[in-house]
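In the numbering used here, the protein residues as written are 179 to 555. Glycine included, C-beta positions come from ideal geometry on N, C-alpha and C. Everything numeric in this text was worked out from a predicted model, so none of it was measured. Read through the structure below, which is laid out as structure tokens, and then see the notes.
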Amino acid sequence: MRVLLVNSGIFRVPPEKGGGTETHVYHLANNLSKLGVEVHLVSDVYSREALRKDINVYEPKALRIPLRMGFTGWILNHLLCGLYSSKKTLEILRSERFDVIHMHGRLGPVLITTLNKRIPKVYTVHDLPPWLSRYGRVEQIVRNISYINMEVKTCRAANYIIVVNPVIRKILVEDFKIPSWKVGFIPNGVDTDLFKPANRKLNYCLFVGNLTWRKGVHILLYALKKLNDGVRCLVVGEGPERGKLIKLAEKLGLRNVVFTGALPLEALVKIYSRAGFFILPSISEAFGLAALEAMASGCPCIVSSSSGVSKIVREEYNGYIFKQGDVDELAEKIGKLWINSNLRRKMGENARKTVEKYSWIKTARRIVKIYEGQIHK
Numbered sequence: 179m180r181v182l183l184v185n186s187g188i189f190r191v192p193p194e195k196g197g198g199t200e201t202h203v204y205h206l207a208n209n210l211s212k213l214g215v216e217v218h219l220v221s222d223v224y225s226r227e228a229l230r231k232d233i234n235v236y237e238p239k240a241l242r243i244p245l246r247m248g249f250t251g252w253i254l255n256h257l258l259c260g261l262y263s264s265k266k267t268l269e270i271l272r273s274e275r276f277d278v279i280h281m282h283g284r285l286g287p288v289l290i291t292t293l294n295k296r297i298p299k300v301y302t303v304h305d306l307p308p309w310l311s312r313y314g315r316v317e318q319i320v321r322n323i324s325y326i327n328m329e330v331k332t333c334r335a336a337n338y339i340i341v342v343n344p345v346i347r348k349i350l351v352e353d354f355k356i357p358s359w360k361v362g363f364i365p366n367g368v369d370t371d372l373f374k375p376a377n378r379k380l381n382y383c384l385f386v387g388n389l390t391w392r393k394g395v396h397i398l399l400y401a402l403k404k405l406n407d408g409v410r411c412l413v414v415g416e417g418p419e420r421g422k423l424i425k426l427a428e429k430l431g432l433r434n435v436v437f438t439g440a441l442p443l444e445a446l447v448k449i450y451s452r453a454g455f456f457i458l459p460s461i462s463e464a465f466g467l468a469a470l471e472a473m474a475s476g477c478p479c480i481v482s483s484s485s486g487v488s489k490i491v492r493e494e495y496n497g498y499i500f501k502q503g504d505v506d507e508l509a510e511k512i513g514k515l516w517i518n519s520n521l522r523r524k525m526g527e528n529a530r531k532t533v534e535k536y537s538w539i540k541t542a543r544r545i546v547k548i549y550e551g552q553i554h555k
């Protein structure tokens, strides 16, 4: 089976500074290859050595705008990466034949409608609709239009759609009348060999992710303030909100909050494995892959009700779920884990047990079955 994976996300593969879509594509490519699939990948690559040698890589060499430009940088990067990826994909298809094309990121209806109609096209939706979040007025309008004109139209043109959150499936089927038979839910996987608990845990809480408004780190900071600066917290990641968040932490007098910036994978694995517990305070989060990595590392997780991973977290078993944006409830649940090492240990063990069923190889097998179903239609 020859599969063309296309990543038009704004980060490289594997992502050096975060990026759930790109992390997904990276692990999927490697695990499809392990299963004997001939993988061809359209994506700019951060580390070729991280990908299996038998994966064929085609780099679009997309022009990228600094993310510190905020929303302007976000929209320009999506447009540029989509255009460059589309161009490279069309070039490849002039000389190569594939059994399936599997697309990730907002390539848009222009590409998918120009592709050979005889080749099955699978599309993975990685993002929740923007109207489930709150943005500035202009940004909200632009994001809504972008989602409807790119994400939804691409879904209509695809032969099969994979979603990482059942909420996305419900919206596509009920609101946009996408036939239910062509939309399937497959949650993200996690590398359970790479991410695993350390023998000795330390008592600090952890956030890992892009520092954008929708990640809700400001909510975490306000919750920590209610605990009188007693809780040690590491905030790992880069993004347009980093400067504002550092200033907010200083304003709130949070001396035990450390902003590390983006970290290489080796350092990130170590920080996950030593963390006492993990917090995902997102305002909008289709899944929350970082929480799954934390659970594999033996960390209980406190996640917002708006995150897709909240379907995996079980209250008081492997973590806690708090109502999106509720600072008081988040502070209360942080406090419970902070003061009770036995609770952290037990919940951490349960978290590890939970994610055993979400290994990437199992996710890849489910996706191969979808490919086979489309090929033999």
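* Asked: How many whole angstroms separate the CB atoms of Gly486 and Glu463, which I take to be in contact at a CB cut-off of 8 Å?
  -> So it is a contact: roughly 6 Å between Cβ atoms.
* Backbone CA spacing between Gly503 and Gly394 [nearest angstrom] -> When rounded, the distance between both Cα atoms is 8 Å.
* To do: Could you tell me the distance, in whole angstroms, from the CA atom of Val220 to the CA atom of Leu182?
  => C-alpha of Val220 to C-alpha of Leu182: approximately 7 Å in a straight line.
* How many Å lie between Val300 and His554 at the Cα? -> Straight-line Cα distance between these residues: approximately 14 Å.
* Asked: In or out: Trp391 buried (at least 16 other Cβ within 10 Å) or exposed?
  -> Flag for Trp391 reads buried.
* Own chain residues within Cβ distance below 7 Å of Gly417, not counting five before or after -> Closer than 7 Å at the Cβ level, and outside the excluded window around Gly417, lie Leu245, Asn388, Leu389 and Thr390.
* **Assigned exposure category for Ile517 - 16 Cβ within 10 Å defines buried** => With fewer than 16 other Cβ atoms from the protein chains shown falling within 10 Å of its own Cβ, Ile517 counts as exposed.
* Under three-state DSSP, which class holds Ile457? -> Collapsing the DSSP output to three states places Ile457 in a strand.
* Give me the Cβ distance between Val546 and Leu470, rounded to the nearest whole Å; I'm assuming they're in contact under 8 Å. => Rounded, the Cβ-Cβ distance is 21 Å, inconsistent with contact.
* Could you tell me the boundaries of the alpha helix (DSSP H) in which Val491 lies? => If you look at Val491, you'll find it isn't in any alpha helix (DSSP H); DSSP assigns it neither H nor E.
* Using the C-alpha atoms, what's the distance from Leu443 back to Leu229? -> Distance between the alpha carbons of Leu229 and Leu443 is about 14 Å.
* Report yes if the C-beta distance between Cys383 and Phe465 is below 7 Å; otherwise report no. => Contact: no.
* In angstroms, rounded to a whole number, what distance separates the CA positions of Pro357 and Leu467? -> So the alpha carbons of these two residues sit roughly 27 Å apart.
* Evaluate contact between the stretch 430 to 440 and the stretch 400 to 417, counting only Cβ atoms and requiring at least three cross-stretch pairs below 8 Å. => Segments in contact, yes.
* To do: Grab me the residues of Tyr536's own chain with a C-beta within less than 7 Å of its C-beta, minus the 5 sequence neighbours each way, in chain order.
  => Here Tyr536 has Pro365, Gly367, Val368 and Leu470 as same chain residues with Cβ atoms under 7 Å from its own Cβ, once five neighbours each way along the sequence are excluded.
* **Reference Gly197; option with closest CA among Ile449, Tyr224 and Cys479** => The shortest Cα separation from Gly197 among Ile449, Tyr224 and Cys479 belongs to Tyr224.
* Sort out for me which residues DSSP pairs Cys411 with in a bridge. => Per DSSP, the beta-bridge partners of Cys411 are Cys383 and Val435.
* **C-alpha distance - Thr201 paired with Val191, whole-angstrom precision** => If you take the alpha carbons of Thr201 and Val191, they lie about 7 Å apart.
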